[in-house]
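Peer 1:
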Amino acid sequence: MGTTLKKLGEAELEIMQVVWDSGNPVTSNYILKELQERRNWQLSTLMTSLTRLADKGFISCDRSTGRNLYSSIISENEYKTRASKHFLEKLYNNSIQNMITALYSNKEIKSSDIQELRDFLDKLEDE
């Protein structure tokens, strides 16, 4: 995928979540069934999104079995790491402190969240 993070739309991210959660190559019908409660899509709509995800380098399609089997190219962890880094760079000048300050100032962080952060940082120091 190179160094530039390609953006995923909300629907694309939902599709990727199904592919990641499955852990195995999946068919378009499997994805459609998994998304049915959230999206009232026709198969053609899903196929358009799958083509876009393949063009963006997120999934591959294996046609050798006579069925289209979709697999992720980028892992969920890699995507989340890169998306988080991009988010931090663009919105908070690459500063975790700036992000936490903004969240704290807007009362988005509870005292239990702060304690979790302290515990996590203490654990990192002990390693």
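Be aware that the sequence shown starts at 332, since it is given in this note's numbering, and climbs by one per residue. Beta carbons: idealized from backbone N, C-alpha and C, even for Gly. These numbers come from a predicted model, not from an experiment.
(1) Give me the residue from 368, 344 and 374 with the minimum Cα distance to residue 358.
(2) What would DSSP say about residue 427, mapped onto helix, strand or coil?
(3) Reducing DSSP to helix, strand and coil, say where residue 400 ends up.
(4) Going by C-alpha to C-alpha distance, which of 411, 368 and 366 sits closest to residue 389?
(5) State the beta-bridge partners of residue 357 as determined by DSSP.
(6) Would you list the residues sitting across from residue 393 in a DSSP beta bridge?
(7) When the Cα of residue 404 is compared with those of 416, 370, 355 and 369, which residue comes out closest?
(8) With respect to the alpha helix (DSSP H) encompassing residue 445, which residues constitute its N-terminal and C-terminal limits?
Peer 2: With the structure as the only source:
(1) 374
(2) helix
(3) strand
(4) Residue 389 has its Cα closest to that of 411, out of 411, 368 and 366.
(5) 401
(6) Its beta-bridge partners are 400.
(7) 355
(8) 442-457
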